[in-house]
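Student: Let me give you the structure first, and then I'll get to my questions.
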Amino acid sequence: MSDDIVIWHNPRCSKSRQTMQLLTDAGVEPTVIEYLKTPPEPSEIKRVLSILNIAPKALMRTKEAAFKENGLGAADVSDDALVAAMAAHPILIERPVVIKGDRAVIGRPPENVNALLK
28 MSDDIVIWHN
38 PRCSKSRQTM
48 QLLTDAGVEP
58 TVIEYLKTPP
68 EPSEIKRVLS
78 ILNIAPKALM
88 RTKEAAFKEN
98 GLGAADVSDD
108 ALVAAMAAHP
118 ILIERPVVIK
128 GDRAVIGRPP
138 ENVNALLK
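Here it is in structure tokens:
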């Protein structure tokens, strides 16, 4: 696995910008994926969920209109359906996600990224 740092970034999000600033202040030039323009494939979302050791819903912005409009809060929605929804509607993905090899964090708060810099 590569030790390059990748960030799923939304430049309009203050937490995402703060996380980027922490990375650049630490001398890191991450690979930036503006995930709203280039959504991750379902397989990549599943890989990140596995690394984070969380269920799909824990990576979702449940207050977004697309969450409610697609009925994603229902108890019978499968994990695969949630992952597919994130790929189809990337606004649903909590941001930023920072990945380094086989480790990852959600940058909320932005200081979570410090765990990857050690």
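Residue numbering for the sequence shown follows the working numbering, beginning at 28 and increasing consecutively.
By construction, the Cβ of each residue, glycine as well, lies at the ideal position given by its N, Cα and C atoms.
None of the values given here were measured: they were computed from a predicted structure.
Which residue marks the beginning of the beta strand (DSSP E) containing ARG130, and which one marks its end?
Tutor: Residues 130-133.
Student: Leaving out the 5 sequence neighbours to the left and right, which residues in its chain are closer than 8 Å to THR58 when beta-carbon positions are compared?
Tutor: Cβ within range, chain order: ASP31, ILE32, VAL33 and ILE34.
Student: Got a sec, what are the start and stop residues for the beta strand (DSSP E) GLU61 sits in?
Tutor: From DSSP, the beta strand (DSSP E) with GLU61 extends over 58-61.
Student: Output yes or no for whether 8 Å exceeds the beta carbon distance between HIS36 and PRO123.
Tutor: Cβ distance < 8 Å, so HIS36 and PRO123 count as in contact.
Student: Using the beta-carbon count (16 or more within 10 Å), is ALA131 buried or exposed?
Tutor: It counts as buried.
Student: Note the first and the last residue of the continuous beta strand (DSSP E) segment covering ILE34.
Tutor: Looking at the DSSP string, the run of the beta strand (DSSP E) that includes ILE34 is 32-36.
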